[in-house]
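The next block holds one structure in the form of structure tokens; read it before the comments.
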Amino acid sequence: AQTVTQSQPEMSVQEAETVTLSCTYDTSESNYYLFWYKQPPSRQMILVIRQEAYKQQNATENRFSVNFQKAAKSFSLKISDSQLGDTAMYFCAFSHPLMNYGGSQGNLIFGKGTKLSVKP
Amino acid sequence: NAGVTQTPKFRVLKTGQSMTLLCAQDMNHEYMYWYRQDPGMGLRLIHYSVGEGTTAKGEVPDGYNVSRLKKQNFLLGLESAAPSQTSVYFCASISGTGTFQETQYFGPGTRLLVL
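Protein chains in written order, with the working numbering: chain R, 1 to 120; chain B, 121 to 235.
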């Protein structure tokens with residue numbers, strides 16, 4: 001079964017500090033894409049960072065970076081120098097390459113999310 | 121570019137009523153998706169389309185129908201709304217070609233309340 005597990009329903013961090021959100025996933029495929037999405041109170045889904053499973057180098061986007069451990073099927077998100085605007089739900093998700101998988105084409109499998117609160 | 125837009129933003133229905141949610145994208149994307157988001161849950165796939173004139177079922181298709189008569193539009197229909205369909209509905213699209221072809225771009229969501 002294809003699943004994504006986010007074991008931390010809620011987390012909080014002080015402004016300017018660093019926080020790590022955990023994510024594990026399960027797929028039998030060797031090639032796939034991993035994503036972190038941010039959902040602020042406006043409900044808009046905003047892409048934070050993406051990682052291709054065939055790349056060993058961890059993706060980074062400014063204050064956001066990932067720790068991708070393919071063998072362990074783990075994909076954690078680190079937020080450095082946390083800001084008040086980082087307060088949101090964070091969803092981990094993965095998808096399989098298009099036309100390379102017998103199931104749904106390119107759709108995302110989501111975890112249940114981690115609610116992050118950044119405190120001043 | 122507007123990206124992905126959804127109409128309406130919010131709607132209240134009575135049980136048994138019907139409605140259509142419209143998703144439009146101006147990025148010439150091939151693939152489009154409808155998801156629903158319930159409290160404490162991530163998004164779950166309802167239906168999707170891999171191109172104009174095609175549709176397919178996702179994880180939770182019951183009670184919904186879809187159509188993609190034009191490449192830029194993907195419609196989600198509820199023929200007879202039920203309280204269990206109270207949810208936030210998201211549309212998304214991907215290009216299917218080129219760099220970042222699998223990255224999904226989401227609409228702002230439609231909040232639906234069925235009484």
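All residues carry an ideal CB built from backbone N, CA and C; glycine is no exception. All values reported here derive from a predicted model rather than from experimental measurement.
- Take Tyr25(R), set aside five residues on each side of it, and the residues of its chain with a beta-carbon closer than 6 angstroms to its own are Val4, Lys73 and Phe94, in chain order.
- Between Gln205(B) and Leu163(B), the C-beta spacing is not below 8 angstroms.
- Boundaries of the beta strand (DSSP E) harbouring Val19(R): Val19 to Leu21, taken from the DSSP string.
- The beta strand (DSSP E) runs of length 3 or more contained entirely in the region 34-104 of chain R are, from start to end of the chain, 46-52, 64-69, 74-79 and 88-95.
- Between Ala88(R) and Lys38(R), the CB-CB gap stays under 8 angstroms.
- Secondary structure at Ser204(B): helix, using DSSP grouped into helix, strand and coil.
- Ranking Leu21(R), Pro97(R) and Phe91(R) by CA distance to the CA of Gly113(R) puts Phe91(R) first.
- When secondary structure is reduced to three states using DSSP, Arg188(B) falls in the coil class, being assigned neither helix nor strand.
- Straight-line measurement puts the Cα of Pro40(R) at about 29 angstroms from the Cα of Gly183(B).
- Taking the CA atoms as reference points, Gln105(R) sits about 31 angstroms from Asp86(R).
- When Cβ-Cβ separations below 8 angstroms define contact, Phe226(B) makes contact with chain R.
- Counting along the chain, the unbroken beta strand (DSSP E) around Gly197(B) starts and ends at Asn193 to Leu198.
- In summary, Thr230(B) is buried, with 16 or more beta-carbon neighbours lying within 10 Å of its beta-carbon over all protein chains present.
- In summary, the residues of the region 144-176 of chain B whose CB is separated from some CB of chain R by less than 7 angstroms are Tyr151, Tyr153, Gly160, Met161, Gly162, Leu163, Leu165, Tyr168 and Val170, in the order they occur in the chain.
- Interface annotation for the region 183-217 of chain B against chain R: Val208, Phe210, Ile214 and Gly216, criterion Cβ-Cβ distance under 7 angstroms.
- Under DSSP, no beta-bridge partner is assigned to Leu235(B).
- Counting only residues of its own chain and dropping the five nearest sequence neighbours on each side, Leu235(B) has a CB closer than 6 angstroms to the CB of Lys134.
- For Leu163(B), the uninterrupted beta strand (DSSP E) segment begins and ends at Leu163 to Ser169.
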